[in-house]
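What follows is a single structure, written as structure tokens, with notes after it.
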Amino acid sequence: MSKIKNAKVIATCPGRNFVTLKIETEDGITGLGDATLNGRELAVVSYLNDHVAPCLIGRDAHQIEDIWQYLYRGAYWRRGPVTMSAIAAVDMALWDIKAKVAQLPLYQLLGGACRTGVMVYGHANGETIEDTIDEALKYKGLGYKAIRLQSGVPGLAATYGVSRDKMFYEPAADDLPKETAWSTPKYLRHAPKLFEAAREKLGWDVHLLHDVHHRLTPIEAARLGKDLEQFRLFWMEDAVPADNQEGFRLIRQHTTTPLAVGEVFNSIWDCKTLIQEQLIDYIRATVVHAGGITHLRRIANLADLYNVRTGCHGATDLSPVSMAAALHFGLSISNFGVQEYMRHTAETDAVFPHAYTFADGAMHPGEQAGLGVDIDEKLAAKYPYKRAYLPVARLEDGSMHNW
Ligand code: KDG
Ligand code: MG
């Protein structure tokens, strides 16, 4: 028995916003959990402070499964990104505490390493195809074995996923959401050209990935998947919004391009049909938005039965605490596919000192007991929360379409 004495929520903005939960036991052991929900951060801060923290005090920090069920089933109101990010933060912090008490790096408690490292993919993006490929060459030079390519679309002023910043690109900005224009025909004409040039310049010995950011309908996605087949992508991500899981049947009938989805999912119920009908190849649910390590393991175990592998989201809005949790998880599961790795800025890394490392296209969580991440609270306090949003896309006629 190790009673929870305190649960503190820390919001900080070292270049971008992060919400971190710090749980402390009566024996003085602390654990960290990430609760960052991009553009809706303070909703999770309130959920944790006003509703979850009071229920944690006095509970046994070692009862991870029971606390998960208590917070999920006990609330009556289930699922949703705010609830599941809050539960995730508690779950991560409790696993961190348990592993610290056991004096083991977390992956050892999860079953031990299944591989020598966690293959990661980096983001190469540019205004033009040439710029994008130049960026990809830099990633290749750094040893990356998998690279995501995004390029500006001629005729569109801005394209989501493409920025002027390179290694540290950040999609959230501004005090209010920026609005951008999108054209499906222009994009569908352009995307295959990017991958044709990429295979010419980068060769066939590197995994290439692409993110559609939910912009298409199933039949448009089927067309794009067919056009990209010849370039043998590792995956085509978020081709359509997955609110309608059955929509993937149509895409699947038409293309052998592997499909990845799920960075916005928050529970196993969001991907049950997709997994059981083998409509996808990679599930991108993350430790922070899908209920923590406890729930993500459940999703991965279901996926394993149907030859679906993991490809967890790992953009900059997932703090180093989530990154570490994802690495311990990825190292220990049998059906790991790839892990996204968008590097954090030096300011963020200073606030969250961590044990994980990158070498030869793969990452390792390190051998520190627990998650292997700390938070420098004094430094964090120097960067107060700043409201920021992801941009909103409209079609060129001003409508929001049916995405
Ligand atoms: O918060 C949203 C971003 O993390 C997301 O849009 C980035 O699509 C993304 C990705 O695949 O990293
Ligand atoms: Mg994505």
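So the number in the working numbering is just where the residue sits in the sequence shown, counting from 1, plus 6. Every residue gets a Cβ at the ideal spot worked out from N, C-alpha and C, and that includes glycine. Keep in mind that this is a model prediction, so the values were computed, not measured.
Query raised in the report: Do you know how far the Cα of residue 317 is from the Cα of residue 125?
Result: Position 119 of the sequence shown, counted from the first residue, corresponds to residue 125. Position 311 of the sequence shown, counted from the first residue, corresponds to residue 317. Approximately 10 Å between the Cα atoms of the pair.
Query raised in the report: Helix, strand or coil: how does DSSP classify residue 28 here?
Result: Mapped onto the sequence shown, residue 28 falls at position 22. In this structure, residue 28 counts as strand in the three-state DSSP scheme.
Requested in this report: Take residue 291 as the anchor and find which of 264, 24, 386 and 243 has the nearest alpha-carbon.
Outcome: Along the sequence shown, one-based indexing puts residue 291 at 285. Residue 243 is the option with its Cα nearest to residue 291.
**Report entry** In DSSP terms, what residue 188 is bridged to
**Finding:** The count along the sequence shown starts at 1 and reaches residue 188 at position 182. Note: residue 188 sits in a beta bridge opposite 401.
Query raised in the report: Is the beta carbon of residue 87 sitting closer than 7 Å to the one on residue 43?
Result: Here residue 87 refers to the residue found at position 81 when the sequence shown is read from its first residue. Here residue 43 refers to the residue found at position 37 when the sequence shown is read from its first residue. Closer than 7 Å, so yes.
Query raised in the report: Between residue 380 and residue 357, is the Cβ-Cβ spacing less than 7 Å?
Result: Residue mapping note: residue 380 aligns to position 374 of the sequence shown, counting from 1. Residue mapping note: residue 357 aligns to position 351 of the sequence shown, counting from 1. No, they are not a contact pair.
**Report entry** residue 217 beta carbon near the ligand MG (any heavy atom closer than 6 Å)
**Finding:** As a first step, residue 217 must be located in the sequence shown, where it is residue number 211. Yes, the ligand MG has a heavy atom inside 6 Å of this Cβ.
Query raised in the report: Exposed or buried, what is residue 328 when buried is set at 16 or more other beta-carbons lying within 10 Å of its beta-carbon?
Result: For the purposes of this step, residue 328 is identified with residue 322 of the sequence shown, where counting begins at 1. Looking at its Cβ environment, which holds 16 or more other Cβ atoms inside 10 Å, residue 328 is buried.
Query raised in the report: Quick one: is residue 188 buried, meaning 16 or more other Cβ sit within 10 Å of its Cβ, or exposed?
Result: Position 182 of the sequence shown holds residue 188. Counting Cβ neighbours within 10 Å, residue 188 comes out buried, since at least 16 surround it.
Query raised in the report: In the structure shown, what three-state DSSP assignment does residue 269 receive?
Result: Here residue 269 refers to the residue found at position 263 of the sequence shown. Coil at residue 269, not helix or strand.
Requested in this report: For residue 251, name the three-state secondary structure that DSSP assigns.
Outcome: Translated into positions along the sequence shown, residue 251 becomes position 245. Coil, per DSSP.
Query raised in the report: Run through DSSP, which three-state label would residue 176 get?
Result: Stepping through the sequence shown from its first residue, residue 176 is reached at position 170. DSSP places residue 176 in coil when its eight states are reduced to three.
Query raised in the report: Quick one: is the Cβ of residue 323 within less than 6 Å of any heavy atom of the ligand KDG?
Result: As a position in the sequence shown, residue 323 is number 317, starting the count at 1. At least one heavy atom of the ligand KDG is nearer than 6 Å to the Cβ of residue 323, so yes.
Query raised in the report: Taking three-plus beta-carbon pairs below 8 Å as touching, is the region 92 to 106 in contact with the region 273 to 287?
Result: Here the region 92 to 106 does not lie against the region 273 to 287, with fewer than 3 beta-carbon pairs under 8 Å apart.
Requested in this report: Indicate whether at least one CB of chain B lies closer than 7 Å to the CB of residue 155.
Outcome: The structure shown contains no chain B; it holds only a single protein chain.
Query raised in the report: Where DSSP assigns a beta bridge to residue 288, which residues make up the other side?
Result: As a position in the sequence shown, residue 288 is number 282, starting the count at 1. Paired residue(s): 266 and 315.
Query - Alpha-carbon to alpha-carbon, residue 259 and residue 354 - result: To locate residue 354, count along the sequence shown from 1; it is residue 348. To locate residue 259, count along the sequence shown from 1; it is residue 253. Using only the alpha carbons, I get a separation of about 43 Å.
Query raised in the report: How about the region 132 to 142 and the region 155 to 169: do they share at least three Cβ pairs that are nearer than 8 Å?
Result: yes
**Report entry** Other residues of its chain near residue 336: CB distance less than 8 Å, five sequence neighbours each side excluded
**Finding:** Within the sequence shown, the letter at position 330 stands for residue 336. Only 124, 316, 318, 342 and 345 meet the Cβ criterion.
Report task. Mind listing, in chain order, the continuous alpha helix (DSSP H) runs of no fewer than 4 residues lying wholly within the region 84 to 157? Result -> 87 to 108, 112 to 115 and 135 to 147
Query - Closer than 6 Å: residue 244 CB and nearest the ligand MG heavy atom - result: Here residue 244 refers to the residue found at position 238 when the sequence shown is read from its first residue. Result yes, Cβ under 6 Å from the ligand MG.
**Report entry** Through-space distance from residue 68 to residue 11, alpha-carbon basis
**Finding:** Taking the first residue of the sequence shown as position 1, residue 11 is located at position 5. Taking the first residue of the sequence shown as position 1, residue 68 is located at position 62. About 13 Å.
Query raised in the report: What is the DSSP secondary structure of residue 242, counted as helix, strand or coil?
Result: Counting from one through the sequence shown, the residue named residue 242 turns up at place 236. Strand, per DSSP.
Query raised in the report: Cβ-heavy atom distance between residue 23 and the ligand KDG below 6 Å?
Result: The count along the sequence shown starts at 1 and reaches residue 23 at position 17. No, Cβ of residue 23 sits at least 6 Å from all heavy atoms of the ligand KDG.
Query raised in the report: How many angstroms separate the CA atom of residue 84 from the CA atom of residue 75?
Result: Counted from its first residue, the sequence shown places residue 84 at position 78. Counted from its first residue, the sequence shown places residue 75 at position 69. In a straight line, the C-alpha of residue 84 is about 11 Å away from that of residue 75.
Query raised in the report: Is the closest heavy atom of the ligand MG to the C-beta of residue 269 under 6 Å?
Result: Residue mapping note: residue 269 aligns to position 263 of the sequence shown, counting from 1. Yes, the Cβ of residue 269 comes within 6 Å of a heavy atom of the ligand MG.
Query raised in the report: Whose CA, out of 253, 218, 261 and 225, lies closest to the CA of residue 269?
Result: What you label residue 269 is simply residue 263 of the sequence shown in a count that begins at 1. Answer by Cα proximity: 218.
Query raised in the report: Where does residue 39 fall in DSSP's three states?
Result: The sequence position of residue 39 within the sequence shown is 33, counting from 1. Of the three classes helix, strand and coil, the one that applies to residue 39 here is strand, per DSSP.
Query raised in the report: CB residue 299 to CB residue 274, shorter than 7 Å?
Result: Counting from 1 along the sequence shown, the entry for residue 299 is found at position 293. Counting from 1 along the sequence shown, the entry for residue 274 is found at position 268. No; because the gap between Cβ atoms is not below 7 Å, this pair is not in contact.
Query raised in the report: Name the DSSP bridge partner or partners of residue 379?
Result: By 1-based counting over the sequence shown, the position of residue 379 is 373. Residue 379 pairs with 360.
Requested in this report: Just grab the DSSP bridge partners of residue 342 for me.
Outcome: Within the sequence shown, the letter at position 336 stands for residue 342. In the DSSP output, where bridge partners are listed per residue, residue 342 has 316.
Requested in this report: Determine which residues share a DSSP beta bridge with residue 213 and list them.
Outcome: Counting from 1 along the sequence shown, the entry for residue 213 is found at position 207. Its beta-bridge partners are 152.
Query raised in the report: Among 246, 174 and 207, which residue has its Cα nearest to the Cα of residue 143?
Result: What you label residue 143 is simply residue 137 of the sequence shown in a count that begins at 1. When the alpha-carbon of residue 143 is set against those of 246, 174 and 207, the nearest one is in 207.
Query - contact_flag[the region 363 to 376, the region 195 to 211] where n(CB pairs < 8 Å) is 3 or more - result: no
Report task. Look up residue 13 in the DSSP assignment and say whether it is helix, strand or coil. Result -> On the sequence shown, position 7 is the one that residue 13 refers to. Of the three classes helix, strand and coil, the one that applies to residue 13 here is strand, per DSSP.
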